[in-house]
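For reference, the structure discussed in these notes is given below.
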Amino acid sequence: MQKILITLPNSIAGSLIMQGFSAGFKSNGCYVIKKDLRNLSVEEIKKFKPDIILGYDYGFLFPAKMDIVDYIIEKKGNFKLVHYFADEPDGKFAYVNKPELYEEYKLLSQDKNNVKTYVWDRDFVKQLPNASYMPLAVNYKAYRAEESNQYDISFVGRPLTDKRQKILAALIKMFGSKLNIFCYEKHFLQSLDDMKEKQFLTEKELDTYKSAYKGFLTTEKEIASVYLNSKVNINITLQGKSGLNYRVFEVLASKGFLLTDEMEDISRNFVVSKELETYANIDDLIDKTAFYLKHPEIAQKIALLGFANVARKHSYTARARSILDDLKN
């Protein structure tokens with residue numbers, strides 16, 4: 001039985017992904033323990049004797065306790081180091097305030113016998129030695145909810161940056177109170193200030209925008225309830241060049257209808273207009289949102305086929321199996 005040590009990052013998205021991998025490895029018959037990086041000790045690693053240490057982005061290189069970093073690097077011949085990047089390797093979301101980690105990890109990952117790297121976006125694979133492409137996945141069993149048909153249009157995520165705010169402003173102008181936004185309150189308040197400063201919305205439209213805020217979703221069940229019970233779920237990708245963000249898989253796992261921006265890898269993983277829908281620009285987004293609001297029965301059929309694809313091909317069980325098979329070679 002393979003023993004897997006999964007290190008949990010100080011990140012909501014990263015922790016969700018690592019929790020998913022944990023379930024995936026367990027489904028493949030592995031013995032798994034999860035440890036918050038801030039609480040991990042060298043003695044725990046020695047006692048567990050893992051076959052694989054799995055980390056998110058730069059993983060174990062983050063701890064303030066350098067004895068852990070030194071020990072893992074010194075003993076990496078005793079286990080496989082696996083890092084899954086769901087952020088751009090040479091970017092602030094991955095290395096936070098330690099840009100030097102990019103060069104440190106490039107040097108470390110040259111050891112192809114003991115270090116394996118997976119990147120969620122194929123356009124960034126060449127940034128790291130011996131890296132491979134592996135799209136994100138989802139534990140679809142965690143995204144179960146009851147139908148209640150509460151919402152017309154929903155957006156879950158930070159309503160920040162010009163890209164997102166221009167799209168949300170266009171939705172407010174066209175659909176008004178039909179838009180619902182779920183995020184941290186501080187991010188919504190920041191977006192409200194931004195919308196006003198950038199003059200994306202009039203005073204009257206800003207009042208409508210204020211009413212769009214519906215709070216922060218804390219659990220997979222709450223997230224699934226929104227996705228399932230929204231006629232149209234809007235996704236606006238910020239990171240990556242061709243890859244799919246986590247929201248794509250979450251919405252489909254919830255049996256929700258997804259309208260997402262066009263990305264090259266979507267057609268490699270899903271059938272557009274059959275399992276999900278895409279938009280090329282704001283005008284296209286508005287047109288398709290209006291169409292699916294008028295034809296929820298079509299959206300529902302697409303959502304169910306999208307769910308079937310995710311359950312069949314994009315589970316963490318499948319991703320963990322791929323990692324285990326890779327490490328055998």
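So in the working numbering, the last spot in the sequence shown is 329, and the numbers never skip. Backbone N, C-alpha and C define an ideal beta-carbon position, used for all residues, glycine too.
| query | result |
| --- | --- |
| Buried versus exposed, by CB contacts within 10 Å (16 or more), M66 | exposed |
| Distance CB(F257)-CB(S230) smaller than 9 Å | yes |
| Continuous beta strand (DSSP E) stretch holding Y246: start and end | No beta strand (DSSP E) contains Y246, which is instead part of the alpha helix (DSSP H) from 246–253. |
| Which of helix, strand or coil DSSP assigns to A224 | helix |
| T202 burial status per 10 Å Cβ neighbour count (16 or more: buried) | exposed |
| Neighbourhood of T317 by C-beta, 8 Å cutoff - its chain only, sequence neighbours within 5 removed | A23, G24, S27, N28 |
| Where G256 falls: helix, strand or coil (DSSP) | coil |
| For E277, three-class secondary structure by DSSP | strand |
| Between the CA atoms of F21 and S315 - distance to the nearest angstrom | 9 Å |
| Three-state secondary structure assigned by DSSP to G29 | coil |
| H83 - DSSP class collapsed to helix/strand/coil | strand |
| Cβ pair count under 8 Å reaching 3, the region 263–282 against the region 185–195 | no |
| Among A94, K204, V232, the one whose alpha carbon lies nearest that of H295 | V232 |
| Own chain partners of K255 with C-beta closer than 7 Å, once the 5 adjacent residues on each side are dropped | L228, A303, L304, F307 |
| DSSP bridge partner residues for S230 (one or two, in chain order) | Y151 |
| Meets three-Cβ-pair contact criterion under 8 Å: the region 128–142 and the region 164–182 | no |
| Stretch pair the region 114–132 + the region 67–87: three plus CB contacts closer than 8 Å | yes |
| Nearest residue (CA-CA) to N78, options S242, D51, S148 | D51 |
| As assigned by DSSP and simplified to three states, the class of Y95 | helix |
| Proximity below 9 Å, CB of I4 to CB of I45 | no |
| Length of the line joining the Cα atoms of S154 and E220 | 16 Å |
| Residue nearest to L97 in terms of C-alpha spacing, selected from A13, F249, L61 | The identity of residue 97 in the sequence shown is Asn, whereas the question assumes Leu. Among A13, F249, L61, the Cα nearest to that of N97 is on L61. |
| Close Cβ partners of T161 (< 7 Å) along its chain, the five nearest in sequence each way excluded | L238 |
| A290 classed as buried or exposed, judged by whether at least 16 other C-beta atoms fall within 10 angstroms | exposed |
| Pick from Y31, R312, G55, V248 that is closest to G14, judged by C-alpha positions | G55 |
| Environment of V271 [buried if 16+ CB atoms lie within 10 Å] | exposed |
| Closest by C-alpha distance to I181, when choosing among K198, E197, A212, L107 | A212 |
| Beta strand (DSSP E) segment containing L179, residue limits | 179–182 |
| Length of the line joining the Cα atoms of Y292 and A280 | 16 Å |
| Local conformation of K112 per DSSP, three classes | coil |
| Element boundaries [alpha helix (DSSP H), containing A318] | 316–328 |
| G55 - partner residues in DSSP beta bridges | H83 |
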